[in-house]
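Each remark here refers to the structure printed beneath this line.
In the working numbering, the protein residues as written are 876 to 1102.
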């Protein structure tokens, strides 16, 4: 898939699972549970032990249509390594123009983390395919709505503080997708081998996003522009 195709797929899916596991041996079980629940994009953060090796091992064996990406990527060397290992998209907690360039040279979408409107627009102008609004915990859906008013051209994906219950609120506020971590990928459930819990969480967040999108369409799109 091309960079544009992957970006469109993430937008279409609407949910990216974000995983920070200490026991990387259970990652395949998480992938299968997510896919069973309808979540087909997973961001493996670089804080996971052996993250690059895991991406390399998992990439050829994924369910059809499943997108594996890398998160917490903050330098060019790591970006190159994860892409070479098979990552289809690259996410970071911060905005690094050189990381965006390195990703685009390899036809892979870059999703840098930004916090302020100025940073969001700067990242967009630097070529960010989707801007990760992070940490969204501190901001809330109204912030996203307020930013989208004068900057409707920017694709935003809130991450941090997105839950199974409020994912739809972010979509209604204008997010193209949401990044969901511990609320979706419950570490206690994983440790206990309860992958059915992960699948149930996935179904719940997918349903929340779908309902919010349907509601947004019914109301004629996002509300007016400001700024």
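Just so it is clear, CB atoms sit at the ideal spot from N, CA and C, and this is done for glycine as well.
Mind checking if residue i is an interface residue toward chain D, Cβ cutoff 9 Å exclusive?
i            : result
residue 1016 : Chain labels in this structure do not include chain D; a single protein chain is all it has.
Which of the three DSSP states is assigned to residue i in this structure?
i            : result
residue 1007 : strand
residue 937  : coil
residue 895  : coil
residue 974  : helix
residue 912  : helix
residue 1055 : strand
residue 1082 : helix
residue 1098 : With a pLDDT of 45 at residue 1098, under the threshold of 50, the modelled position of that residue is not reliable, and no figure is offered here.
residue 1090 : helix
residue 992  : helix
residue 925  : coil
Quick one: what's residue i bridged to in DSSP?
i            : result
residue 1033 : 1008
residue 919  : 894, 945
residue 986  : 966
What span of residues does the beta strand (DSSP E) with residue i cover, start to end?
i            : result
residue 1043 : Note, residue 1043: premise wrong, no beta strand (DSSP E); alpha helix (DSSP H) at 1042 to 1047.
Between which two residues does the alpha helix (DSSP H) carrying residue i extend?
i            : result
residue 1023 : 1016 to 1023
residue 901  : Residue 901 -> no alpha helix (DSSP H), and no H or E assigned at all.
residue 954  : 951 to 960
residue 1062 : 1062 to 1066
residue 878  : 878 to 888
Taking contact to mean at least 3 C-beta pairs separated by less than 8 Å, is the region 933 to 942 in contact with the region 966 to 984?
no
Does the region 900 to 910 touch the region 1074 to 1086, meaning 3 or more C-beta pairs lie closer than 8 Å?
yes
Hey, is the region 1038 to 1055 in contact with the region 988 to 1002, meaning 3+ C-beta pairs nearer than 8 Å?
With the rule of 3 Cβ pairs closer than 8 Å, the region 1038 to 1055 does not count as touching the region 988 to 1002.
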